[in-house]
Structures are given as structure tokens and as C-alpha cells.
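Take a look at the structure below.
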Amino acid sequence: MEALATIARIAAEAGDAVVDPAAAKNTAAAASAGYAYGLAAIGPGIGIGIIFGKAIESMARQPESAGMVRTTMFLGVAFTEALALIGFVAFILLKFA
Amino acid sequence: MNAATLIAFEFPPINMLLRWQDIVPTVNKVVVISILSSLIGIGIFLAAARKDPKLAPKGARNLAEIIIDFIEKQIIMQTMGPSGLAWTPFLLTIFIFIYLNNMPGVIPFIQMPATARMGVPAFMALMVWVVYNVTGIKHQGPIGYFKSVLFPPGVPKALYILVTPIEIISTFIVRPFSLAVRLFANMLAGHLLLVIFALLSEALFQARDRILIPVGVLPFAVLLFLTGFEILVAFLQAYIFTVLTAVYINMASHAEH
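Chains as they are written, first to last, in the working numbering: chain F, 10 to 106; chain P, 5 to 261.
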């Protein structure tokens, strides 16, 4: 919200004043930070859903293998989730750095 | 150190990884939290070790036995098999350290997980990286280890142009990076969520418009729910970090067939 307000202010000032390119770049980065995370969350969201669904299915079919399936499931979730978290880090970098 | 000096310490900013002028380690709140939680872990296990092992376990010893049992049965036996039981002390240390560093994120009045600053996870991942590479070199010899990593058997010769660069990147760069980022980003995301809902409910409870005050119950309920969820996440991240460490060590110590 703050970023959008700043963009609006810069756009209003752009009519007569010279816009500082560094400030404009920072605002654009802050405004696009949200999209970075939102887009990065789509794929891993689907992936984690598939992993958990398949794990539940196999645990229901063979309850005696539940322990092994659970460990492997968390491994798969950890690898998939890393992609979403890299998106989150990109968000942090765009926002604060 | 008294309370006043503790308040005077600053939180390091989020984007601070390492300041090169800090050759002499400086102290900030995250460092204090990290050291205190390490001391708690050491204290629990020292208290457990002092008890008479012949008597029925109780108190600290009971807790320590549950944790060791969990590490051995749920992590090592599932990923490394019986040959990995020698790694129990190392994996136990990693698990306890990460868990106790995650937990301050939900403890009232502290509410800052020490792992939510990149320094702690980055250094742990670096340590794991060194450990699994040294293990691989020790078990398979330097040539054997790099050969089994860079040229995995069972791949057609022509495909090595494609496979070898991917293996180099994934084994030596992506693994430690994702290990560190996973822990850091999970804890930071949880911390930010708690902050957002705490600030939202505070703003609504103090709203000038009287009609908004009861609405503040909603974000407060979400805050309570998220605090419970963060307890789960703190445990889960410590578990995942330990499992991945075990898997990497196991991959390095056995040549692929």
C-alpha cells in the first residue's frame, strides 16, 4: 500500500519535477516484490498438494509402511518448498535490500 | 549483564548477512538468544547425564531419552539404516540447537527466532557441507568420491556433458544454499506473520471508531492459531534440517551403484 502511494506521488510529481531514477527503481522493486512471491508460490503449492495426496493414498493402502512414507514425504516437501522459499527471499531482497 | 544492557542491544537488520568489520564477534539480541538457548540445551543434557543410569529415568533424563530415541528411530533408522547410528551425537546436536533456536519465536516477550537471521542457518549449512564432503572423501577416497558425484554410474557416456555440470551445481552449491535458505525463510516468514497479525489486532483494539474494537478479536484469534502453528513449524524445520543432513551424509558415505 505504501509502495503504491509512493508510486502515485512520484507519478504526480513527474509532471514538472525530475524524478530521481534510483528512487523510482526502488519503488518499482518494492511494488513488484509482492508479485515475485505470489508467482513463486503457485508451482510449489501444486507440488506439495500432490506430494501429500499421494503420501496419504499410499499410507491408507499400506498402513505398515507409514513411517517410511512419512519421512520420504517430508523430504519431498522440503525440496519442493525450497522453490517457494526462494521466491520469499526474492521478496525480502526486493523489499528491504 | 542486566536488563538495561539487553534492551540496548539492537536487532540486526534482515538483510544483514555478515559485516566484514566484525572480525571480533559483536553482540546483538539474536546472538544473546542463540547463546542462551545453546546453554539451555547443554544444561538439559548435563543434568540428564548426571543422574544414576540404573534408576528409572525421570525429569531431564526422561526428556533426553525421548529426544535421543526420536533421533535414532525416526531419523537415522529411516534414512541411514543401522550403520548410521554412529552419527547420533552430531545429528542430535544439530536438532537440539535448531529447535531451541526456533522456539524463542513463540516465547512471549522474546518472540524472535535466532534462526530468522541468515547468519545462523548459513553457518550451520556450511558446517553440514564440510561434514558430508569430508565424509565422502574419507569413505570413498578423494578420487572415488568426486568420480561418484561428478560421473554417476549408469548414465550413457554422451549424457555426461549434461549430467556433470548439473551434479556439480546441485551437490556443491544448491544443497547448502537451499538448506540454509529453507530454515531462514521459514522462520522469518512465520515471524513476519506473527508481527503482522499482532500489529493488526493492536490497531483494531485501539481504533478511534468504537465499532471496530470488537472486530479486533478476529486477527487476535488468528494470532493465537498462528502461534500454535509456529510451534509445529519450529519442530518441523529442525526435523527437516536433521533428516536432510542425514540423507546427505548417507549419500556421501556410500558409493552409488
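Think of the CB as a built atom: it goes at the ideal place given N, C-alpha and C, for glycine as much as any other residue. Only a predicted model underlies this, so the values are computations on that prediction, with no experimental measurement involved.
Item                                                                                                                                                  : Value
Taking L95/P and I79/P to be in contact with their CB atoms under 8 Å, please state how far apart those CB atoms are, rounded to whole angstroms.     : 6 Å
If I measure Cβ to Cβ from M5/P and keep anything under 6 Å in the same chain, skipping five residues before and after, which residues do I get?      : Residue placement at M5/P is poorly supported in this model, since its pLDDT is 44, which falls under 50; the coordinates are not used for a value here.
Using a Cβ-Cβ cutoff of 8 Å, what residues of the stretch 238–251 of chain P are near chain F? List them in chain order.                              : L240, Y243, I244, V247, L248, V251
Whole angstroms are fine: how far does the CA of A189/P sit from the CA of V199/P?                                                                    : 15 Å
Where do the N-terminal and C-terminal ends of the alpha helix (DSSP H) with S174/P fall, by residue?                                                 : Neither: S174/P is in no alpha helix (DSSP H) and is coded neither H nor E.
Under DSSP, the alpha helix (DSSP H) around E234/P begins and ends at which residues?                                                                 : 221–257
Relative to the C-alpha of T231/P, which residue among V36/P, P108/P, P157/P, S174/P is closest?                                                      : P108/P
On the DSSP letters alone, give me the boundaries of the alpha helix (DSSP H) that F155/P sits inside.                                                : First-last for F155/P: undefined, no H or E at that position.
Please confirm whether T168/P has its beta-carbon closer than 8 Å to some beta-carbon of chain F.                                                     : no
Contact criterion: CB-CB distance below 8 Å. Does A39/F meet it with respect to chain P?                                                              : no
In angstroms with no decimal places, state the Cα-to-Cα distance between A162/P and E171/P.                                                           : 15 Å
Apart from the five residues just before and just after V78/F, which ones in its own chain have a Cβ nearer than 7 Å to its Cβ?                       : A64, S67, M68
For F32/P, which option in V124/P, S152/P, K77/P, L130/P has the closest C-alpha, if you only look at C-alpha atoms?                                  : In the sequence under discussion, the amino acid at residue 32/P is Asn, which differs from the Phe named in the question. Of the candidates V124/P, S152/P, K77/P, L130/P, the one whose C-alpha sits nearest the C-alpha of N32/P is V124/P.
Is there at least one Cβ from chain F nearer than 8 Å to V185/P's Cβ?                                                                                 : yes
Does the stretch 250–259 of chain P come close enough to the stretch 132–149 of chain P that 3 or more CB-CB pairs lie under 8 Å?                     : yes
Would you call S38/P buried or exposed, if buried means 16 or more other Cβ atoms sit within 10 Å of its Cβ?                                          : buried
Determine the contact status of V167/P and F201/P, defining contact as a CB-CB distance below 8 Å.                                                    : no
Is the distance from the Cβ of A87/F to the Cβ of I244/P below 8 Å?                                                                                   : yes
So what does DSSP say about F278/P, is it helix, strand or coil?                                                                                      : In the structure as shown, chain P starts at 5 and stops at 261, and residue 278/P therefore has no counterpart that could be examined.
Got a sec: which bits of the stretch 81–96 of chain P sit with their beta carbon under 7 Å from any beta carbon on chain F, in order along the chain? : Q82, T83
In chain F, what lies closer than 7 Å to S174/P by C-beta?                                                                                            : Going along chain F, no residue has its Cβ under 7 Å from S174/P, so there is no contact; the nearest lies around 11 Å.
Can you tell me which of the three DSSP states Q144/P falls into?                                                                                     : helix
Can you tell me whether A60/P is helix, strand or coil according to DSSP?                                                                             : coil
Under three-state DSSP, which class holds Q4/P?                                                                                                       : For chain P, the structure presents residues 5 to 261; residue 4/P sits outside this window and is missing.
Under 8 Å, Cβ to Cβ, is there at least one residue of chain F near N106/P?                                                                            : no
Could you give the distance in angstroms between the alpha-carbon of G85/P and the alpha-carbon of T81/F?                                             : 14 Å
Touching or not, the stretch 92–99 of chain F and the stretch 98–114 of chain P, by the rule of three or more beta carbon pairs under 8 Å?            : no
For G47/P, report the span of its alpha helix (DSSP H) as first-last.                                                                                 : 33–54
What did DSSP end up calling V86/F once you bin it into helix, strand or coil?                                                                        : helix
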